[in-house]
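Colleague: Numbering (the UniProt record's numbering), first residue to last: 1 to 175.
Could you have a look at this structure, given as structure tokens, before my questions?
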Amino acid sequence: MFSTLRRTLFALLACASFIVHAAAPDEITTAWPVNVGPLNPHLYTPNQMFAQSMVYEPLVKYQADGSVIPWLAKSWTHSEDGKTWTFTLRDDVKFSNGEPFDAEAAAENFRAVLDNRQRHAWLELANQIVDVKALSKNELQITLKSAYYVLSCKNWPCRVLSALLPRHNLKITKP
């Protein structure tokens, strides 16, 4: 009987620790039934976007009310015809390795996506981009085939990796 009581008490204490842990208000735990795969935002499958959105930052962010706020970009403008978008990037952002985030790093990330355009073609923005270039240290310009709402790129391809990551690591080597 003492042994049964001891096991029951141990089981109750074990359950109580899970309850206390689950009550932490600033912690979210998620589960996904499949491997999320590589976290490289340029070499993904659509089901991996949820995990990548927890790791990488976008140029702009959507709010609960549907409004768009600056994030890595502090402002943006577009041409009257809607084909040219210019983003002014924040100058206080650094990658986790300490290197500064700038327009060339952002442009390089867009180019990596465009090098793998077929993989991203399910997102219309990938088919619309004609050119991406750094106009200055903090200005990024995106040129499109036709007028398109670039701010819809909240999820893609605005998640950027460090510019130090070798370009060949951003390319698909196997179909």
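Cβ atoms here follow ideal geometry from the backbone N, Cα and C, with glycine treated the same way.
#1: Which class does Glu57 belong to by DSSP, given the choice of helix, strand or coil?
#2: Just curious, the alpha helix (DSSP H) that Asp115 is in, first and last residue?
#3: Secondary structure at Ala73, three-state DSSP: helix, strand or coil?
#4: Leaving out the 5 sequence neighbours to the left and right, which residues in its chain are closer than 7 Å to Val36 when beta-carbon positions are compared?
#5: Return the first residue and the last residue of the beta strand (DSSP E) that Ser136 is part of.
#6: What number of angstroms, rounded off, separates the C-alpha of Lys154 from the C-alpha of Lys61?
#7: Restricting to Cα atoms, I'd like to know which of Leu144, Asn138, Lys137 is closest to Asn127.
#8: Give the DSSP-derived three-state secondary structure of Gln63 in the structure shown.
Modeller: Let me spell this out:
#1: The DSSP-derived three-state label of Glu57 is coil.
#2: It spans 103-115 - the alpha helix (DSSP H) in which Asp115 sits, taken as one unbroken run.
#3: In the structure shown, the three-state DSSP call for Ala73 is strand.
#4: These residues qualify, in order along the chain: Gln48, Ala51.
#5: Start and end: 129-136.
#6: Any reading at Lys154 must be qualified, since the residue scores a pLDDT of 48, below 50, and its modelled position is unreliable; no value is offered.
#7: For Asn127, the closest of Leu144, Asn138, Lys137 by C-alpha to C-alpha distance is Leu144.
#8: Reduced to three states, the DSSP call for Gln63 is coil.
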